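Let me begin by presenting the structure, written as structure tokens, before commenting on it.
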Amino acid sequence: DSTRLITLIVRELGIDPKRFTPKTFAHRISDLKNELITPAQFAERAVTSNPLERHLAEVYRAYAERLSAANALDFDDIIMRTVALLQTRPAVAEMYRRRFRHILVDEYQDTNHAQYVLVRELVGGPGTSGAGSALPPGELTVVGDSDQSIYAFRGATIRNIEEFEEDYPTARTILLEQNYRSTQNILSAANAVISRNSGRREKNLWTAAGDGAPITGYVADSEHDEARWISQEVDRLSDEHGVHPRDVAVFYRTNAQSRALEEAFMRAGQPYKVIGGTRFYDRREIKDAIAYLRAVDNPDDDVNLRRILNVPKRGLGDEAEGALAEHAARYAVSFGQAVADAARSPPPTARADEPAGPRALTAQTGSRPSPSPASPPRSRA
Numbered sequence: 010d011s012t013r014l015i016t017l018i019v020r021e022l023g024i025d026p027k028r029f030t031p032k033t034f035a036h037r038i039s040d041l042k043n044e045l046i047t048p049a050q051f052a053e054r055a056v057t058s059n060p061l062e063r064h065l066a067e068v069y070r071a072y073a074e075r076l077s078a079a080n081a082l083d084f085d086d087i088i089m090r091t092v093a094l095l096q097t098r099p100a101v102a103e104m105y106r107r108r109f110r111h112i113l114v115d116e117y118q119d120t121n122h123a124q125y126v127l128v129r130e131l132v133g134g135p136g137t138s139g140a141g142s143a144l145p146p147g148e149l150t151v152v153g154d155s156d157q158s159i160y161a162f163r164g165a166t167i168r169n170i171e172e173f174e175e176d177y178p179t180a181r182t183i184l185l186e187q188n189y190r191s192t193q194n195i196l197s198a199a200n201a202v203i204s205r206n207s208g209r210r211e212k213n214l215w216t217a218a219g220d221g222a223p224i225t226g227y228v229a230d231s232e233h234d235e236a237r238w239i240s241q242e243v244d245r246l247s248d249e250h251g252v253h254p255r256d257v258a259v260f261y262r263t264n265a266q267s268r269a270l271e272e273a274f275m276r277a278g279q280p281y282k283v284i285g286g287t288r289f290y291d292r293r294e295i296k297d298a299i300a301y302l303r304a305v306d307n308p309d310d311d312v313n314l315r316r317i318l319n320v321p322k323r324g325l326g327d328e329a330e331g332a333l334a335e336h337a338a339r340y341a342v343s344f345g346q347a348v349a350d351a352a353r354s355p356p357p358t359a360r361a362d363e364p365a366g367p368r369a370l371t372a373q374t375g376s377r378p379s380p381s382p383a384s385p386p387r388s389r390a
């Protein structure tokens, strides 16, 4: 939904979406919010000679304004606004510090800057709002492993865990080195690989489960070569050891990697089943249903209303949507109000095969239609 709104903004600002894609703006805006940088702060430091930064400042500002007008927050706003509240309202911060005296954070190695500041504000102490209060800092426990930090591309900051003892000098660190899942051969290989990381805390994973089977490594030239080798290994296990295909599992990191594997299995005539697939809330029909609920709850939610404008198909294309958007801009109303205005104003001439509604807006030349007595203004419960 955020990307859809940004796509609309990019179009309205006349920015080339092929050169500067909406997804690029969405990722950059998310990164800025994770660093607690507001649109105004970024605009001040943006390099105007850099086209991407110049457009990003424009899109970020417009995006924030549209969210505010719709009384909406995106995921990153939830933490960003909470941090701002705690930092600017010491009384509110102290209320929550009294309520949450013990704070536990799991997977701390994957936290970003905004999450780090949120935890610090909830715990209290030097450098936080209301510092010097009679209320002592809360008890903080974090669980994490710097060796497993893999979300830097999502804004995670490994320094949060590597420098934890500098941030909290009285902290006590407990190393959990015994592993209950893997065999020693796997752990020894993992220890050997991760030991090459510089600046890491020394750890040595071990297990009481025994050495287990030796590890087999294969360096593939490509994803297709890798898939072919895996397919051949499945055949080998079946021929030499009688292993049934249902007893073989192939794990991969991202959904996109399944394509090469599936093609290799199909060429070899090997039966397979993909477990998981598209996540429930990412299915189109589920997102459409949720968009309907959000539009009913908040008629000024332009993004979700535009999503369902022609779902199911009802003959409303880009032209009708553009007319509604133009009407909303002309009369300074929300997109939802523009839809309501269109519903109250039948077209001057209507053919039997042409539905009345938004098409009327293309013929409007006078003032904005007034609500009819039979159609009272909407109110929210």
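Using our numbering, read the sequence shown as starting at 10 and increasing by one per residue. Here a beta-carbon is modelled for each residue, glycine too, at the ideal position from N, C-alpha and C. Remember, predicted model here, so these are calculated numbers, not experimental data.
Quick check on the burial criterion: 16 or more other C-beta atoms within 10 angstroms. Buried or exposed for His122?
buried
Taking the alpha carbon of Glu171 as the reference point, which residue from Ala143, Tyr117 and Leu82 has its own alpha carbon closest?
Tyr117
Spatially closest choice to Val128 from Glu148, His336 and Glu62, by CA coordinates
Glu148
If you run the structure through DSSP and keep just helix, strand and coil, what is Gln266?
helix
With DSSP as the reference, label Thr97 as helix, strand or coil.
helix
Spatial distance of Gly208 from Ile112 (CA atoms)
28 Å
Hey, quick one: how far does the alpha helix (DSSP H) through Glu53 stretch, first residue to last?
Pro48 to Arg54
Could you tell me whether the segment 340 to 352 touches the segment 310 to 320, using the rule of 3 or more Cβ pairs below 8 Å?
yes
Contact between the segment 172 to 188 and the segment 203 to 221 (3+ Cβ pairs under 8 Å):
yes
Based on DSSP bridge pairs, tell me the residues matched to Glu235.
The partner list for Glu235 (beta bridge, DSSP) is empty, contrary to what the question assumes.
Just to confirm my understanding: we take Ala161, look at its own chain, exclude 5 residues before and 5 after, and list those with CB closer than 8 Å. What are they?
Ile167
Where Arg110 and Leu131 are concerned, what is the direct C-alpha to C-alpha distance, given to the nearest angstrom?
9 Å
When you compare each of Asn206, Asp220 and Thr179 to Ser197 by their alpha carbons, which one comes out closest?
Asp220
Using 10 angstroms around the beta-carbon of Val283, count the other beta-carbons present and answer buried if the total reaches 16, otherwise exposed.
exposed
With distances taken Cα to Cα, identify the nearest neighbour of Ser204 among Asp156, Asp176, Thr192 and Gln96.
Asp156
Taking the CB atoms as reference points, tell me whether Gln193 and Thr216 lie closer together than 7 Å.
yes
Leu144 to Asn80, Cα distance in whole Å?
35 Å
Looking at the structure shown, is Leu14 part of a helix, part of a strand, or coil, going by DSSP?
helix
Outcome for Pro321 when other beta-carbon atoms lying within 10 angstroms are tallied against a minimum of 16:
exposed
Enclosing alpha helix (DSSP H) for Val348 [first to last residue]:
Phe344 to Arg353
Taking the alpha-carbon of Leu318 as reference, which of Leu61, Leu333 and Asn307 has the nearest alpha-carbon?
Leu333
Between which two residues does the alpha helix (DSSP H) harbouring Glu175 extend?
Phe173 to Asp176
Status (buried if at least 16 other CB within 10 Å, exposed otherwise) for Ile295:
exposed
Going by C-alpha to C-alpha distance, which of Val151, Ser267, His64 and Ala78 sits closest to Glu174?
Val151
List, from N- to C-terminal side, the alpha helix (DSSP H) runs of 4 residues or more that fit wholly inside the segment 305 to 339.
311 to 317 and 327 to 339
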